[in-house]
Amino acid sequence: MKKSLLVAIFALVCGTMAYAQPRAIGGRIGYGVEFSYEHGFNSGNMLSLEVGTPAFAGLEAACTYDWIDPFGAKFPELEKGIFHWYMGVGGAVATNWNFNNLFVGAAGRVGVEYDFWFPLQLSIDWRPTLGVNLYNSGSGLAAAFGYDIFYAGLGIGVRYMFQQRD
């Protein structure tokens, strides 16, 4: 039942993204493996969504609204390809496979990406999360303020770009 639900959600998300012509779709590898989707609103903003299995110990999702080349600071122009840096804020949720531990919190992001002259994008970023961890303490439900239960942090992304940024 759980697997069927996950497959149905994944198919719905993929179908929606294919119709919406996202800017970039791919994966992110760090403490775990994540499906990565970026949708650019214009040349200065994007929405990043990652859903994955950190260390294969559970599920997590993070969504951030990112500013591209904020404060007008840009990398020097290259003959082929473009470097961009970005930073953003958003939210994150995570749970373990037993669903007896739930994390809900805020996520940040700072990173650098290289857009090749063909539809490939490579990135490295840092996505710390801070929030509330709800868990079963044996004598009932308990809460603790802290860092993400899966310690999401540094990640390397590889994405196929449907549309290049200006």
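Under our numbering, the sequence shown has 387 at position 151, and the numbering climbs by one with no breaks. Yeah, the Cβ is synthetic: ideal placement off N, Cα and C, and Gly gets one too. In this text the structure is predicted, and so the values were computed from the model without any measurement.
Asked	Found
In whole angstroms, what is the alpha-carbon distance linking residue 347 and residue 340?	22 angstroms
Out of 307, 271, 343, which one is the CA nearest neighbour of residue 280?	307
Is residue 275 close to chain C? Criterion is C-beta to C-beta, closer than 9 angstroms.	Of the chains in the structure shown, none is chain C; there is only one protein chain.
Which residue's Cα is closest to the Cα of residue 326: 286, 311, 309, 359?	286
Express the C-alpha separation of residue 382 and residue 305 in angstroms, rounding to a whole number.	30 angstroms
Among 314, 265, 266, 345, whose alpha-carbon lies nearest the alpha-carbon of residue 323?	345
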